[in-house]
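Have a look at the structure below before the remarks.
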Amino acid sequence: MHRGITDNEQRSHCAVGWTKCYESKKLELLNRAVHHNTICSLGTGAGKTFIAVLLIKEYSYHILQYDQKAIFLVDKVALVEQQALHIECHCSLSVGRMHGKLNTGWKNKEEFTAFSNKHNVIVATAQVFLDLLNHAFFDITQAAVIIFDECHHSLGRRHPYRLILDQYRVLPMEKRCRIWD
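Mapping of the sequence shown onto UniProt numbering: position 3 corresponds to residue 3, and the numbering continues sequentially without gaps.
Here you go:
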């Protein structure tokens, strides 16, 4: 006990102070991400995905007004559903899912266009998105924001994240979308 405050009250007070600091840091990161491409190094469970969802919400005007897309890229098939559900839980935009194990209508440009027209946000494995770019089904300038989940996994010169960014880098600055991880 410290000055008449119980240990539980002290822990609770510290937790509230920490939470306010933590929330303030997330808002600071969001503000940075809105204005600058950002790589965020936070531990597991620290709120990177939530910040990414807030970033998508910040760009929702561009997404809806200019028929742009938010692209959320993951490295593993299992993460497509997990991240799509997280976005749907916190955001009213329509979310489409894409990975190699789905047998959905996006195997040619017309089918992809129909799929894309139904969704504001596309959660995809990086390899599927790279294939869309390479086959000219999707023009990277149509993206308002691209989120690279777990970019620290992008080891090697041929990793899809890296190859996607190679296509991004050749764009004129005014055509580049926002990047987050």
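Glycine included, every Cβ here is placed at the ideal spot set by N, Cα and C.
Legend entry - Residue range of the alpha helix (DSSP H) that includes Ile147: Translated into positions along the sequence shown, residue 147 becomes position 147. No alpha helix (DSSP H) contains Ile147, which is instead part of the beta strand (DSSP E) from 143-148.
Inset, instruction - For His62, I'd like the list of residues in its chain whose CB is within less than 8 angstroms of its CB, leaving aside the five on either flank, ordered along the chain. - result: Locating residue 62 in the sequence shown gives position 62, counting from the first residue. Same-chain partners within the cutoff: Gln68, Ala144.
Legend entry - Residue burial classification, Gln83 (beta-carbon count within 10 angstroms, cutoff 16): Locating residue 83 in the sequence shown gives position 83, where the first residue counts as 1. Buried is the call here.
Inset, instruction - Spatial neighbours of Ile164 within its chain, please: CB distance less than 6 angstroms, with the 5 preceding and 5 following residues excluded, ordered by chain position. - result: As a first step, residue 164 is located in the sequence shown; it is residue number 164 there, counting from the start. So the qualifying residues of the chain are Leu130.
Inset, instruction - Grab the span of the alpha helix (DSSP H) containing Ile56 for me, first residue to last. - result: Residue 56 sits at position 56 when you count from the first residue of the sequence shown. Per DSSP, Ile56 belongs to the alpha helix (DSSP H) from 48-58.
Inset, instruction - Classify Ala70 as helix, strand or coil using the three-state DSSP reduction. - result: As a working note, residue 70 is residue 70 in the sequence shown. DSSP places Ala70 in strand when its eight states are reduced to three.
Inset, instruction - Could you say if the stretch 25-36 and the stretch 132-141 meet the contact criterion of at least three C-beta pairs nearer than 8 angstroms? - result: no
Legend entry - Beta-bridge pairing of residue 185 - partner residues as DSSP gives them: Because residue 185 is not part of the residues shown, which for the chain are 1 to 181, the question remains open.
Inset, instruction - Please state whether DSSP places Ile63 in a helix, a strand or coil. - result: Counted from its first residue, the sequence shown places residue 63 at position 63. If DSSP states are grouped into helix, strand and coil, Ile63 belongs with the helices.
Inset, instruction - Using three-state DSSP, classify Ile164 as helix, strand or coil. - result: Walking along the sequence shown from the start, residue 164 turns up at place 164. The answer is helix: DSSP assigns Ile164 an H, G or I state.
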